[in-house]
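There are 2 protein chains.
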Amino acid sequence: MVTETESGVEPRIPLSKERVLAAAVKVADEGAIDSLTMRNLAEELGVEAMSLYYHVANKDAVLDGVIDAIMAEIEEALGGFRVPEAGADWKTALRHRILTARQVMLRHPWAPSVFETRTTMSPVLVLYFEGLLGTLREGGFSYDLAHHAMHALGSRVLGFSQELFRPEDDAGDEVNDAMLKEMAEHLPYLVGMLTETAHDDPDSTLGWCDDETEFSFALDLILDGLERRIETA
Amino acid sequence: MVTETESGVEPRIPLSKERVLAAAVKVADEGAIDSLTMRNLAEELGVEAMSLYYHVANKDAVLDGVIDAIMAEIEEALGGFRVPEAGADWKTALRHRILTARQVMLRHPWAPSVFETRTTMSPVLVLYFEGLLGTLREGGFSYDLAHHAMHALGSRVLGFSQELFRPEDDAGDEVNDAMLKEMAEHLPYLVGMLTETAHDDPDSTLGWCDDETEFSFALDLILDGLERRIETA
DNA sequence: ACCTGAACACCGTTCAAGT
DNA sequence: ACCTGAACACCGTTCAAGT
Chain E
1 MVTETESGVE PRIPLSKERV LAAAVKVADE GAIDSLTMRN LAEELGVEAM SLYYHVANKD
61 AVLDGVIDAI MAEIEEALGG FRVPEAGADW KTALRHRILT ARQVMLRHPW APSVFETRTT
121 MSPVLVLYFE GLLGTLREGG FSYDLAHHAM HALGSRVLGF SQELFRPEDD AGDEVNDAML
181 KEMAEHLPYL VGMLTETAHD DPDSTLGWCD DETEFSFALD LILDGLERRI ETA
Chain H
1 MVTETESGVE PRIPLSKERV LAAAVKVADE GAIDSLTMRN LAEELGVEAM SLYYHVANKD
61 AVLDGVIDAI MAEIEEALGG FRVPEAGADW KTALRHRILT ARQVMLRHPW APSVFETRTT
121 MSPVLVLYFE GLLGTLREGG FSYDLAHHAM HALGSRVLGF SQELFRPEDD AGDEVNDAML
181 KEMAEHLPYL VGMLTETAHD DPDSTLGWCD DETEFSFALD LILDGLERRI ETA
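Residue numbers (the working numbering), protein chains in the order written: chain E, 1 to 233; chain H, 1 to 233.
Here it is as structure tokens:
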């Protein structure tokens, strides 16, 4: 609702940090993550690349801002980071937090790769971790065990698993039966696994093998392990 | 031992793929990983950047080659990937393989970040995974469980843990007691953890919190969890 | 106060040309 | 067969200049 007192050429809403960051998320959502360049982002906003620097320190600041936008989505989905947790049931509380974060990641499949480039945590992120840590503490974890827990979970606390080799999805190298037979001589175990296990839930996927069942398996494995560690402490 | 029949100006050993890759590892070892640029690599070899392309397809090929060099080191440290494993004791066999890989990573702290950029596995890597998988299978894992195991372990099978936020070590933001008091009001749990847990084994470290004890904790947590899963299968 | 043009210092990479 | 010079298409970023 811009009042247009001037004789009506386009209103031209002035840029702002908020608009820049919102556009950045949009650019990333629409293209791949490498399409998020300063020049590209400027174009999306109908402006020259250099204008961005008036509102944002540099590209790193853009990426940090994008992360905060994602965290805001998670916070909203959770109804705040500091929801009162059922003290004893840290496990389902954690599980819920993490799987909610994962829903947000599934909406922005490029987000994990941005998280991976960040070196320091923004205030919102710190709050997120404070919430997780609080849940653990109230669930009976020592600080030491809680610390181990965070590291053992790694990126899973944010709802994604960092994968090592995720072949691009141009899928040039479809494996056919003839190849399998050939490989089977030298790689019996791998071929055995490939023929026996299959992934077929395309909707819950964040890259290669990170689908819902895979993610949950590892998550529960770790949570169960932690549970045993408190019990025997 | 270059025979120098020509009147003696520098022998000038001709370039080769091997020399290029060896130089690449050297450049990475000496500087940070971002010092590994084509121009920089060329300079190390006393040659123009464009000459590299005669021996190597592109930068991706250089990085793939560097990975293979690391894998060769691991293979050597292990005495081959296919060492006969004590069938039953998959756990110590796996543990040994992984901690040996980790020793190599500690010699090349930049290596994890290169692994993280790779999208497809080279033949040597495939062999490494075949070996791991074989160990699991011989230890009684179903293919399905073995598959889950690989994903749950993630980068840990190669001896490093992918960390999410590793603050640069210029350490500009030393935390002093005054700040801690101030933070304590809003972040009681985090401050509690920071003051209680400390890392002090600088030699076993691969970035921020990935030190030997942290790594082993998570590794054993997962291995123990897997052990339970076979038993109850 | 907000935006821009021209320019810089870096990338990886090509291609025709040199020995 | 092996190496190079000049050039291209991209980055992020600066700075003085425009309105």
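Built from N, CA and C at the ideal position, the CB exists for glycine as well.
Cβ of residue i within 8 Å of any chain H Cβ
{"i": "E:Gly225", "result": "yes"}
{"i": "E:Gln103", "result": "no"}
{"i": "E:Arg234", "result": "Any answer about residue 234 of chain E is impossible in this case: the structure gives chain E only from 1 up to 233."}
{"i": "E:Leu221", "result": "yes"}
{"i": "E:Phe81", "result": "no"}
{"i": "E:Thr92", "result": "no"}
{"i": "E:Ala171", "result": "Because the pLDDT at E:Ala171 is just 49, under 50, the model does not fix this residue reliably, and the point stays unresolved."}
Simplified DSSP state of residue i, which is helix, strand or coil
{"i": "E:Asn58", "result": "coil"}
{"i": "E:Val25", "result": "helix"}
{"i": "H:Gly225", "result": "helix"}
{"i": "E:Val20", "result": "helix"}
{"i": "H:Thr100", "result": "helix"}
{"i": "E:His186", "result": "helix"}
{"i": "E:Pro109", "result": "coil"}
{"i": "E:Met179", "result": "helix"}
{"i": "E:Leu53", "result": "As written in the sequence, residue 53 of chain E is Tyr, which differs from the Leu given in the question. DSSP places E:Tyr53 in coil when its eight states are reduced to three."}
{"i": "H:Phe215", "result": "helix"}
{"i": "E:Tyr64", "result": "Checking the sequence, you will find Asp at residue 64 of chain E rather than Tyr. E:Asp64 falls in the helix class under three-state DSSP."}
{"i": "H:Glu48", "result": "coil"}
{"i": "E:Asp89", "result": "coil"}
{"i": "E:Arg82", "result": "coil"}
{"i": "H:Leu15", "result": "coil"}
{"i": "E:Thr195", "result": "helix"}
{"i": "E:Glu244", "result": "Residue 244 of chain E falls outside the range modelled here, since chain E spans only 1 to 233, and no answer is possible."}
{"i": "H:Pro167", "result": "coil"}
{"i": "E:Thr117", "result": "helix"}
{"i": "E:Ser204", "result": "helix"}
{"i": "E:Ser122", "result": "coil"}
{"i": "H:Leu36", "result": "coil"}
Per-residue contacts from residue i into chain E (C-beta, under 8 Å)
{"i": "H:Glu43", "result": "Within 8 Å Cβ-Cβ: nothing; H:Glu43 doesn't reach chain E, min ~27 Å."}
{"i": "H:Asp144", "result": "Glu196, Thr197"}
{"i": "H:Phe115", "result": "Leu164"}
{"i": "H:Leu155", "result": "Note on residue identity: the sequence assigns Ser, not Leu, to residue 155 of chain H. Correct list: Gln162, Leu164."}
{"i": "H:Ala152", "result": "Phe217, Ala218, Leu221, Ile222"}
{"i": "H:Val126", "result": "Leu187, Leu190"}
Contact with chain E by residue i, beta-carbon distance below 8 Å
{"i": "H:Leu106", "result": "no"}
{"i": "H:Glu244", "result": "The shown model of chain H, from 1 to 233, leaves out residue 244 of chain H, and the question about it has no answer."}
{"i": "H:Glu130", "result": "yes"}
{"i": "H:Ala111", "result": "no"}
{"i": "H:Val9", "result": "Annotation note: pLDDT 42 at H:Val9 (below 50); position unreliable, coordinate value reported separately. It does not: the Cβ of H:Val9 has no partner Cβ on chain E nearer than 8 Å."}
Partners in chain E for residue i, counting only beta-carbon separations shorter than 7 Å
{"i": "H:Arg137", "result": "Tyr189"}
{"i": "H:Met121", "result": "Phe165"}
{"i": "H:Met193", "result": "Leu133, Tyr143, Ala146, His147"}
{"i": "H:Glu212", "result": "Under the 7 Å cutoff, chain E gives no residues; its nearest Cβ is about 12 Å from H:Glu212."}
{"i": "H:Glu168", "result": "Thr119"}
Cα-Cα separation between residue i and residue j, rounded to whole angstroms
{"i": "E:Leu246", "j": "E:Ser113", "result": "Residue 246 of chain E lies beyond the residue range present for chain E, which begins at 1 and ends at 233; the question has no answer from this structure."}
{"i": "E:Phe81", "j": "E:Ala184", "result": "50 Å"}
{"i": "H:His55", "j": "H:Gly46", "result": "15 Å"}
{"i": "E:Arg39", "j": "H:His148", "result": "42 Å"}
{"i": "E:Pro167", "j": "H:Met105", "result": "23 Å"}
{"i": "E:Thr135", "j": "H:Thr197", "result": "18 Å"}
{"i": "H:Leu133", "j": "E:Ser16", "result": "53 Å"}
{"i": "H:Glu43", "j": "H:Ala49", "result": "7 Å"}
{"i": "E:Glu18", "j": "H:Glu212", "result": "42 Å"}
{"i": "E:Ala69", "j": "E:Ser161", "result": "20 Å"}
{"i": "E:Arg118", "j": "H:Thr232", "result": "40 Å"}
{"i": "E:Thr37", "j": "E:Ala77", "result": "29 Å"}
{"i": "E:Gly159", "j": "H:Leu221", "result": "19 Å"}
{"i": "E:Arg97", "j": "E:Pro109", "result": "18 Å"}
{"i": "E:Tyr143", "j": "E:Val126", "result": "16 Å"}
{"i": "E:Ile33", "j": "E:Ala23", "result": "13 Å"}
{"i": "E:Phe217", "j": "H:Tyr189", "result": "28 Å"}
{"i": "H:Tyr53", "j": "H:Tyr128", "result": "29 Å"}
{"i": "H:Glu116", "j": "H:Ile67", "result": "11 Å"}
{"i": "H:Arg137", "j": "H:Thr100", "result": "21 Å"}
Going along the chain, which unbroken runs of the alpha helix (DSSP H) with 4 or more residues stay wholly within the region 129-165 of chain H? Entirely contained in the region 129-165 of chain H, the alpha helix (DSSP H) runs reaching 4 residues are, in chain order, 143-153.
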